[in-house]
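Using my numbering, the letters of the sequence shown correspond one by one to residues 31 to 566. Heads up, the beta-carbon is just placed ideally off N, CA and C, and yes, glycines get one too.
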Amino acid sequence: MTQVNAAFGRLGKTISQFTLAQKTLALIGIAVLALGIFALASWATKPSFTPLFSGLQPGDANSIVEQLQADGVPYEIAGGGSTIMVPEQNVYDQRLKAAGAGLPASSTGGYSLLDDMGVTSSEFQQSVTYKRALEGELAKTIGALNGVKTASVQLAIPEDTVFVSEKVDPTASVFIDTENGVTLSGDQVQAIVHLTSAAIDGMKATNVAVIDSAGTVLSAVGVGATGSADKQATDYEQRIAASIQGMLDQVVGPGNATVAVAADMSYESANRVEETFTNPAGNPALNEATTTEEYTGGGAGNTAAGILGPDNIAVPDGDGDDGAYTSESTTKNNAVNKVTETREIPAGALNRQTVSVALNSATAAGMNVADIRALVTNAAGINVARGDELTVEMVAFNASGAEAAQEALAAADAAAEAERRAELVRMGILAAGIVAIVILALVAYAMRSRRQNRQAVDIGILPELDPLAPPAGLAMIGQDQGRTALEPPVDTASLRIVANAADSERKLEELDHLALQDPVRTADYLRNFMDEGQRV
Numbered sequence: 031m032t033q034v035n036a037a038f039g040r041l042g043k044t045i046s047q048f049t050l051a052q053k054t055l056a057l058i059g060i061a062v063l064a065l066g067i068f069a070l071a072s073w074a075t076k077p078s079f080t081p082l083f084s085g086l087q088p089g090d091a092n093s094i095v096e097q098l099q100a101d102g103v104p105y106e107i108a109g110g111g112s113t114i115m116v117p118e119q120n121v122y123d124q125r126l127k128a129a130g131a132g133l134p135a136s137s138t139g140g141y142s143l144l145d146d147m148g149v150t151s152s153e154f155q156q157s158v159t160y161k162r163a164l165e166g167e168l169a170k171t172i173g174a175l176n177g178v179k180t181a182s183v184q185l186a187i188p189e190d191t192v193f194v195s196e197k198v199d200p201t202a203s204v205f206i207d208t209e210n211g212v213t214l215s216g217d218q219v220q221a222i223v224h225l226t227s228a229a230i231d232g233m234k235a236t237n238v239a240v241i242d243s244a245g246t247v248l249s250a251v252g253v254g255a256t257g258s259a260d261k262q263a264t265d266y267e268q269r270i271a272a273s274i275q276g277m278l279d280q281v282v283g284p285g286n287a288t289v290a291v292a293a294d295m296s297y298e299s300a301n302r303v304e305e306t307f308t309n310p311a312g313n314p315a316l317n318e319a320t321t322t323e324e325y326t327g328g329g330a331g332n333t334a335a336g337i338l339g340p341d342n343i344a345v346p347d348g349d350g351d352d353g354a355y356t357s358e359s360t361t362k363n364n365a366v367n368k369v370t371e372t373r374e375i376p377a378g379a380l381n382r383q384t385v386s387v388a389l390n391s392a393t394a395a396g397m398n399v400a401d402i403r404a405l406v407t408n409a410a411g412i413n414v415a416r417g418d419e420l421t422v423e424m425v426a427f428n429a430s431g432a433e434a435a436q437e438a439l440a441a442a443d444a445a446a447e448a449e450r451r452a453e454l455v456r457m458g459i460l461a462a463g464i465v466a467i468v469i470l471a472l473v474a475y476a477m478r479s480r481r482q483n484r485q486a487v488d489i490g491i492l493p494e495l496d497p498l499a500p501p502a503g504l505a506m507i508g509q510d511q512g513r514t515a516l517e518p519p520v521d522t523a524s525l526r527i528v529a530n531a532a533d534s535e536r537k538l539e540e541l542d543h544l545a546l547q548d549p550v551r552t553a554d555y556l557r558n559f560m561d562e563g564q565r566v
């Protein structure tokens, strides 16, 4: 305990000797150290949280939070309230308790709805419950897609009956709530459409409507995926322009060519049916029928009456006819090949396109425009029969934009360099401050160590010296008084004062050696020696 008190005493003396700047730095260092220790302790003692449930409905989340509060389990809420996290060691226990309480309960049901069907359910109840089960299963499946938070499906399935001549196709509506900052791609929309249509008997992919939480129609009934022809045309134009631009950058250099593409897309879908008939050469007829009719008969000879005259008297005909008749008819059925081709033309088919290419005359003056035209024609897929057009011209480019861009780039580089230098200066100042603090701490420690090494030896009150004492004796006493703090005591009876300087130096060395061996006794001897000198 004495050593502890002595240590605190030395610490207090050291702090009291600090200057105002040293005290300020010491306080700042202690505060930073305390904050660091507190932050480290908080981080080390904080439990590791793991998701208990995610994708919860507000009602389920509230019920689970109440259960955790009742059990005294710490929790965190994330994902906008749809995810509940608990310490890792409590995950499985809380999941079992939640399952025992029937949580989460706000689910779309799915085929589990059919488990509650009774034998007394009507046909209408059975059909409605079955449709709800299909909707729930589809919603859960679609909700498992990447980027989809929740999904809702409504089915319109017509009732089968024999009293209608035309059957109505079933349709479906899908509502998608995406996660923050997520936009469904065209492939994901197509996946949702085909997943829904394939789950319902007789449903076509074009009869599925998909709408997101922002009110955007992603797929319309009778049309299919929308981004319609405008979006498809924009995507096509960007893809073709990027392909041509990349090729021209390699030929004429970056910044020396610009490309513009305009595409005309079809907004309507159609079905086209073609029938082709061909006659196979060299093949015999399937069937052939020949009919011959022949008639032979005699006339009245020379007695045949002619045409009646004006007096109703028969005028005989000058020529006679034997009445013969022959007729032949042939029917032949040839083998004919019939080819029926049905084509479905979807919306977004390319009707025609126009491509314009401008080359910098300053760099492409020595190039053959025909070669450039041939390259662009093949790269863009120009079809003259379809009505596609291509224009390639050499023009003088305006360099002010490029110069401004270069200046802006140089300014940005300069700003970045200045920021880097400022950061280096800040780091240098911080490092210098740290080094200065370390140096001050080392200096303070060295000064404190030096003060602690100076230990005074109490030899009492020294008597007044005789002014008539010999100089050598005065010198001896003065030197002994100056060394009492550091030199051990010496046997005064064995000391003799000599007049010459050589003997004095030898005696002083002996005194130093004896004082190192026993400083306390040396102080007592000096005190007795001075007392005897005073009595003399």
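Annotated three-state conformation of I230 is coil, per DSSP. In the DSSP assignment, A426 falls outside any alpha helix (DSSP H) and carries neither an H nor an E.
Collapsing the DSSP output to three states places I412 in coil. Here DSSP, grouped into helix, strand and coil, assigns F83 to strand. Of the residues assessed, N237 falls on the buried side of the cut-off, its CB having 16 or more other CB atoms within 10 angstroms. Using a Cβ distance threshold of 8 angstroms, S249 and A263 do not count as a contacting pair. L248: member of the beta strand (DSSP E) spanning V247 to A250, first to last residue. For V289, the three-state secondary structure derived from DSSP is strand. Judged by DSSP secondary structure, P117 falls within the beta strand (DSSP E) whose first and last residues are T113 to P117. Between the region 358–375 and the region 314–327 there are three or more inter-stretch CB-CB distances shorter than 8 angstroms, so the stretches are counted as touching. Taking 3 residues as the shortest admissible run, the region 40–115 contains the following complete beta strand (DSSP E) segments, listed from N- to C-terminal end: 79–83 and 106–108.
Going by C-alpha positions, V281 is about 55 angstroms away from S112. The alpha-carbon separation between A56 and W73 amounts to approximately 26 angstroms. Residue pairing by DSSP places R382 opposite D294 in a beta bridge. Close CB contacts of A271 within its chain, under the 6 angstroms cut and outside five residues either way in sequence, are with V289 and V291 (chain order). In this structure, the CA atom of R162 is about 15 angstroms from the CA atom of S151. Per the Cβ contact rule, the region 94–103 is not in contact with the region 52–69 (fewer than 3 Cβ pairs under 8 angstroms). Within a 10 Å sphere around the beta-carbon of A400 sit fewer than 16 other beta-carbons, which makes this residue exposed. By DSSP's assignment, L185 forms a beta bridge with A202. Bridge partners of I241 according to DSSP: F205 and V247.
Taking C-beta atoms as the reference points, N381 and D294 count as a pair closer than 8 angstroms. S357 is bridged by DSSP to E323.
Put simply, the backbone Cα of L133 is about 35 angstroms away from that of M233. Rounded to the nearest angstrom, the Cβ distance from V212 to G245 is 16 angstroms, too far for a contact under 8 angstroms. Here DSSP, grouped into helix, strand and coil, assigns A445 to helix. Distance from the CA atom of T54 to the CA atom of E106, rounded to whole angstroms, is 40 angstroms. Between I206 and D242 a beta carbon distance of about 5 angstroms is seen, short of the 8 angstroms cut, so the two are scored as contacting. Here N398 carries a coil assignment [DSSP, helix/strand/coil].
Collapsing the DSSP output to three states places T370 in a strand. Assigned with DSSP and collapsed to three states, L175 falls in coil, not helix or strand. In the three-state DSSP reduction, V219 falls in the helix class (H, G or I). Under DSSP, the beta-bridge partners assigned to R302 are R373. Taking a 10 Å sphere around the C-beta of F83, we find 16 or more other C-beta atoms and assign the residue as buried.
Distance from the CA of F79 to the CA of A181, rounded to the nearest whole angstrom, comes to 28 angstroms. By the criterion of a C-beta distance shorter than 6 angstroms, E419 is surrounded in its chain by T384, once the five residues flanking it on both sides are discounted.
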